[in-house]
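What follows is one structure encoded as structure tokens, with my remarks underneath.
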């Protein structure tokens, strides 16, 4: 299979403070992202996903890649997605004692609330809310807010409706990867060679971009020489196509 150049396909924050897992096709790197500084550094990797996560060897997540993920705060657990498949894992930080808790199964099986929503076909990015058991999931120009513990869809919107500060930016048409910071209501958004730090406001639309949209490499010294990546995994799917209109369930969104 021909090598393809890739940036960051997905990410999720670790239970270890200021650490984040970045996934690039079928590889990953663990980074201490040193919030608000350029003192970030590599903790481990880059490595094949199947080497760092033996439980994922022989699965689509290890062989093809992870195109979306989000963690479960206060635990060592995360949801990972590849195409229309997902799994819940215990990622056992700084060890290779990871295990699959649920799955692999389709997104619709894991989250019946997403069946026929468009989000069951695959996700581009996600990050945890500061509200307990809630996460933002993104596909193309749309996003949804879910309660992943209760399996409830809380609403869907265009990205620009829920996050007005992203209007007229490269993120209005989709987000390539994201992770929630360990600091307050902040999230990092990525798309190709660019990133932004987002201050988000659950239940409101007072969000704003902190410091503008920037190039990754000048501001993430740890990723120089790592990105862009040329590896043999296939980026499963990023989703520019629109999702059909959803039922009127917007009242408690952001």
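Residue numbers (UniProt numbering): 1 to 254. Glycine residues also receive a C-beta, built at the ideal position from the N, C-alpha and C atoms. Treat the numbers as computed from the prediction; the structure is a model and nothing was measured.
Q. Out of curiosity, what's the CA-to-CA distance linking residue 117 and residue 53?
A. 31 Å
Q) residue 162 and residue 143 look like a contact to me (Cβ under 8 Å); what is the Cβ gap, rounded to whole Å? A) 6 Å
**Q.** Same chain, Cβ closer than 6 Å to residue 41, neighbours up to 5 away in sequence not counted
**A.** Excluding sequence neighbours, residue 41 sits near 32 and 222.
Q) How far does the beta strand (DSSP E) with residue 123 in it reach, from first residue to last? A) Unbroken run through residue 123: none, as it is neither H nor E.
Q) How many Å lie between residue 97 and residue 167 at the Cα? A) Taking the straight line joining both Cα atoms gives about 42 Å.
Q) What are the boundary residues of the beta strand (DSSP E) that residue 44 is part of? A) 41-48
Q. Quick one: any contact between the region 172-181 and the region 3-20, if contact means 3 or more CB pairs under 8 Å?
A. Touching, yes.
Q) Any idea which residues DSSP pairs residue 21 with across the strands? A) 12 and 30
Q. Quick one: Cα of residue 55 to Cα of residue 100, how far?
A. Rounded to whole angstroms, residue 55 to residue 100 spans 6 Å at the Cα level.
Q | Whole-number beta carbon distance between residue 126 and residue 68, since they are thought to touch under 8 Å | A | 5 Å
Q) Where does residue 226 fall in DSSP's three states? A) coil
Q. Helix or strand or just coil, what does DSSP make of residue 71?
A. strand
Q) Is the beta carbon of residue 153 less than 7 Å from the beta carbon of residue 159? A) no
Q.
I need the boundaries of the alpha helix (DSSP H) containing residue 218, first residue and last residue.
A. 216-219
(Q) Taking its Cβ as the centre, do 16 or more other Cβ atoms sit within 10 Å of residue 1, making it buried, or is it exposed? (A) Because the pLDDT at residue 1 is just 48, under 50, the model does not fix this residue reliably, and the point stays unresolved.
Q) Among the residues of its own chain, which have a CB less than 6 Å from the CB of residue 110, if the five just before and after it don't count? A) 86
Q.
Suppose the cutoff is 8 Å on Cβ atoms and the five residues either side in sequence are ignored; what does the same chain contact list for residue 34 look like?
A. 18, 40 and 41
Q. Do you know how far the Cα of residue 25 is from the Cα of residue 60?
A. 11 Å
Q) Do residue 171 and residue 139 have their CB atoms nearer than 7 Å? A) In this structure, residue 139 does not lie closer than 7 Å to residue 171 by Cβ.
(Q) DSSP three-state label for residue 129, please. (A) It is coil, neither helix nor strand.
Q | Cβ neighbours of residue 185 in the same chain (closer than 8 Å, five flanking residues each side left out) | A | 130, 199, 200, 201 and 202
Q) Quick one: what's residue 91 bridged to in DSSP? A) The partner list for residue 91 (beta bridge, DSSP) is empty, contrary to what the question assumes.
Q. Rounded to whole angstroms, how far is the Cβ of residue 66 from the Cβ of residue 80, which I believe are closer than 8 Å?
A. 5 Å
(Q) In this structure, how does DSSP classify residue 156 when only helix, strand and coil are distinguished? (A) Note: residue 156 maps to strand in three-state DSSP.
Q. Can you name the start and end residues of the alpha helix (DSSP H) that residue 109 belongs to?
A. Here the alpha helix (DSSP H) through residue 109 covers 107-110.
Q: Mind checking who residue 102 pairs with in its DSSP beta bridge?
A: According to DSSP, residue 102 bridges with 88.
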